[in-house]
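*Asks:* Below is the structure I would like to discuss, written out as structure tokens.
Protein chains in written order, with my numbering: chain A, 4 to 610; chain B, 2 to 158; chain C, 81 to 158.
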């Protein structure tokens, strides 16, 4: 069977662990990764716990297809109660760590309590030990990975760790694995830091079996061929996700200068083409593309910064290649803050990976700070003397590093846009939902996207729904609620499989189902997965309701509701959330105040 | 004609599909730790380099084996480990200059690339043709051709 | 008649031959897509003079002289 059937439950307070059998009833209902991890979280903690207290749990979860030969099989998710906003947090990541964890024999690692001093977990198949992390506490992710491998003289260890941002409780700190892949959002890294857990280092030699290997191999050959021949896949391989930037610019959905505008005049200096251009000195930002485990797309960018660029001219330690710009990073460090210096963006990206932070939340928080600065609500006295104006590349790179290291004004920026804007008396400037910052899509031009943002269970997130086709079709709020709800359920199931959502350029739910059916016991159909997705969505919703969220939190910032899109193909439109939300609740089988009805819960087996 | 694996690291994305395919072919499950081909990463993943046995004509592993457990498949040119004869002494692993024959602690024998009987699964699995299986006398052909082109263009400019 | 066109992103791989194309008078959006070798499903959004054309009307809406057309690729995920 393709689940390993084992959960590693670690009590950090006591420094003990136990390997439990995986609850297969839950696996059948919640699949894996996001769904199964959420089920374990819900069963493990009180939704009202302080996210940074020892009472919170932190779960690393793989899916049934993680580690198999299915394309993009490297995914794992980190699930916890998030410190950015107190909602259920689930951030998934690629790289090689997730598959290695599964090869060691564990579907989930569930961490409870808080270690008395900094430690890391060393896992080599059945051998599990708590190791002293004092020598690397205060060190970056990059140093941590190198140090741990050297310490154990084992270059085969795959490592997920936090940087200083996670240690110090930056509310959007990430868990970084394999140097530059991130369980990026919602502050899962800060929870890890609060538990005094610096890293998990793992080596697995057990492998993964599937239920029907022959059929599985046939099926993955077919699904991989579909992906290989798909034009969206080719685009991601050749140009990365940042090819999106030009499209959003032309459409007028590229949030610019804290969402005051929807198009950015400097877009062509930070988009995929700009990464691929060779400049006068012969330098090209992009070096090559690379893949996560098992992935036949390889959208990942490897880039480098010009050695004479102001960020690194005197810092030789950055004269090397590393993870380059993806769309969200390019958006958050480019248009969102008005910066068009691609090397500055790339350096800020390095800072996110090295110190472990979410580029979306950092960039959008910085954008709010820049707006506050320009309107006079904060001054150089607050910002350590940095001129925090839109377009200032140095402000971007300096603040990225300060926040990563939790220094000076970085300590304020590290609290997120909502707290920042409230602190300085302008809560309306925070571009967040439920306290989490928006990704790079403006909700006025993309109505269904807006509804998806408003109802996403982890706060504003672009990866929880897919309504592009309908949003492109017309600017009306009509007919958006259905596709939004359906895609939320679909993606919840996909996020629970162990595969990457980027395959949806070529695969629908049936392609997921056919692979799961060959890999797992029992019969797995698209309908079964959609129902599991709906169950997962409602489980997350119930957690948030119990944590204190209400339907009043299913909303968007006033800027998107009241200020028409100033330019673009959807010029003049508003987010019009109130014309979609009631229909959405209705389709979900929720009451007018956004609570699942008894019938809905019974139908999904959640009562 | 004899064929050989031809690896172009510049095309490799580091996805490890080759390791998955190799382990499935030889072990019946997905387990890169048992793969006979391995992909190495350098400089934050900038370089990803697949590496495996090159099937030396004069194979040091074969010569070092005291039990004659490694024999030559004359058709493929592959050096194959006869599991029943291998005693797990690891002499071959010391003799191999490239490290591409490895002890397997589960079986107590050594593992190496056997070219999958002439249909290497790593080749089939590679999404970018970074690993191909071509005529053994042509592994340098493309590189030679590109140098020829470069030299010619320089001369004719 | 001359139709001004702007193709975005990967759509340039189907047609990368300048910023205008000669189309017959009365051509529909679908006709233009066909002429540009762009599969219907690949065109995520078609706008004429910055007004988007719903997918179901692509076979009905006709271009007229002076029009300019923007075509965006279909996108998924983030």
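Note that CB positions come from ideal geometry on N, CA and C, so glycine has one too.
Here the structure is a predicted model, which is why all the values come from computation and not from measurement.
(1) Please return the same chain residues whose Cβ sits closer than 6 Å to the Cβ of residue 187(A), not counting the five positions on each side in sequence.
(2) Indicate the three-state DSSP secondary structure (helix, strand or coil) for residue 78(B) in the structure shown.
(3) Pick helix, strand or coil for residue 180(A), following the three-state DSSP scheme.
(4) Might you give, ordered along the chain, the residues of its own chain that have their beta carbon closer than 6 Å to the beta carbon of residue 41(B), omitting 5 neighbours on each side?
(5) Taking C-alpha atoms, which residue in 134(B), 25(B), 18(B) and 34(B) lies nearest to residue 55(B)?
(6) Any C-beta of chain A within less than 9 Å: which residues of the stretch 141 to 158 of chain C qualify?
(7) Can you list, in chain order, the stretches of the alpha helix (DSSP H) that have 4 or more residues and sit fully within the stretch 490 to 545 of chain A?
(8) For the stretch 489 to 508 of chain A and the stretch 294 to 308 of chain A, state whether three or more C-beta atom pairs, one from each stretch, are separated by less than 8 Å.
(9) If you measure between the beta carbons of residue 559(A) and residue 446(A), is that distance less than 8 Å?
(10) Any residues in the stretch 329 to 357 of chain A with a beta carbon nearer than 7 Å to a beta carbon of chain B? Which ones, in chain order?
(11) Is residue 32(B) close to chain A? Criterion is C-beta to C-beta, closer than 8 Å.
(12) Please give me, in chain order, every unbroken run of the beta strand (DSSP E) with length at least 3 that falls completely inside the stretch 419 to 483 of chain A.
(13) Which chain B residues are close to residue 232(A), counting only those with a beta carbon under 8 Å from its beta carbon?
(14) For residue 125(C), go through chain A and note every residue whose CB falls closer than 8 Å to its CB, in chain order.
(15) Only counting the same chain, and skipping five residues up and downstream in sequence, which positions put a Cβ closer than 7 Å to that of residue 349(A)?
(16) Note down, in chain order, each residue of its chain lying with its Cβ closer than 7 Å to the Cβ of residue 140(C), except the 5 sequence neighbours on either side.
(17) To which residues does DSSP link residue 135(B) through a beta bridge?
(18) Compute the distance between the beta-carbons of residue 604(A) and residue 580(A), then report whether it is under 8 Å.
(19) With DSSP run on the structure shown, which of helix, strand or coil describes residue 83(C)?
(20) Less than 8 Å between the C-beta atoms of residue 32(A) and residue 100(A), yes or no?
(21) Checking the sheet assignment: what are the DSSP bridge partners for residue 104(B)?
(22) Can the beta-carbon of residue 73(B) be found less than 8 Å from the beta-carbon of residue 115(B)?
(23) Name the residue from 6(A), 357(A), 117(A) and 531(A) whose alpha carbon lies nearest to the alpha carbon of residue 30(A).
(24) In whole angstroms, what is the alpha-carbon distance linking residue 291(A) and residue 123(B)?
(25) In its own chain, which residues sit with a C-beta less than 8 Å from the C-beta of residue 448(A), not counting the 5 before and 5 after it?
(26) Compute the beta-carbon to beta-carbon distance between residue 47(B) and residue 64(A), rounded to the nearest angstrom, for a pair I have assumed lies under 8 Å.
(27) Do you know whose CA, among 151(B), 129(B), 43(B) and 143(B), lies nearest residue 232(A)'s CA?
(28) Rounded C-beta distance between residue 71(A) and residue 79(A)? I'm assuming under 8 Å.
(29) With which residues is residue 171(A) paired in a DSSP beta bridge?
(30) Got a sec, what are the start and stop residues for the beta strand (DSSP E) residue 149(C) sits in?
(31) Could you give the first and the last residue of the continuous beta strand (DSSP E) run that contains residue 63(A)?
(32) Please work out which residues of its chain come closer than 6 Å, Cβ to Cβ, to residue 22(A), disregarding the five sequence neighbours upstream and downstream, and give them in chain order.
(33) Rank 185(A), 175(A) and 282(A) by C-alpha distance to the C-alpha of residue 197(A) and give the top, closest one.
(34) Can you have a look at residue 152(B) and say buried or exposed, based on whether 16 or more other CB atoms are within 10 angstroms of its CB?
(35) To the nearest angstrom, how far is the alpha carbon of residue 611(A) from that of residue 492(A)?
(36) Is there a C-beta anywhere in chain C that falls below 8 Å from the one on residue 472(A)?
*Replies:* Looking at the atomic coordinates:
(1) 94, 177 and 361
(2) coil
(3) strand
(4) 50
(5) Measuring C-alpha to C-alpha distances from residue 55(B) to each of 134(B), 25(B), 18(B) and 34(B) identifies 134(B) as the nearest.
(6) 150, 152, 153, 154, 155, 156, 157 and 158
(7) 512 to 522
(8) They touch, by the three-pair rule.
(9) yes
(10) The stretch 329 to 357 of chain A vs chain B, Cβ under 7 Å: nothing.
(11) yes
(12) none
(13) Chain B residues near residue 232(A): none, gap ~12 Å exceeds 8 Å.
(14) 254, 475, 476 and 572
(15) 288, 306, 308, 327 and 328
(16) Result list for residue 140(C): 108, in chain order.
(17) 5(B)
(18) no
(19) strand
(20) no
(21) 111(B)
(22) no
(23) 6(A)
(24) 22 Å
(25) Exclusion of the five residues before and after residue 448(A) leaves 254, 255, 256, 265, 474, 478, 568, 571, 572, 573 and 576 as the residues of its chain whose Cβ lies within less than 8 Å of its Cβ.
(26) So it is not a contact: roughly 30 Å between Cβ atoms.
(27) 129(B)
(28) Incorrect: roughly 13 Å between the Cβ atoms, too far for contact.
(29) Paired residue(s): none; residue 171(A) is not in a bridge.
(30) 148 to 153
(31) 60 to 65
(32) These residues qualify, in order along the chain: 9 and 11.
(33) 175(A)
(34) exposed
(35) Any property of residue 611(A) remains undetermined from this structure, which presents chain A solely from 4 to 610.
(36) At a cut-off of 8 Å, the C-beta of residue 472(A) has a neighbouring C-beta in chain C.
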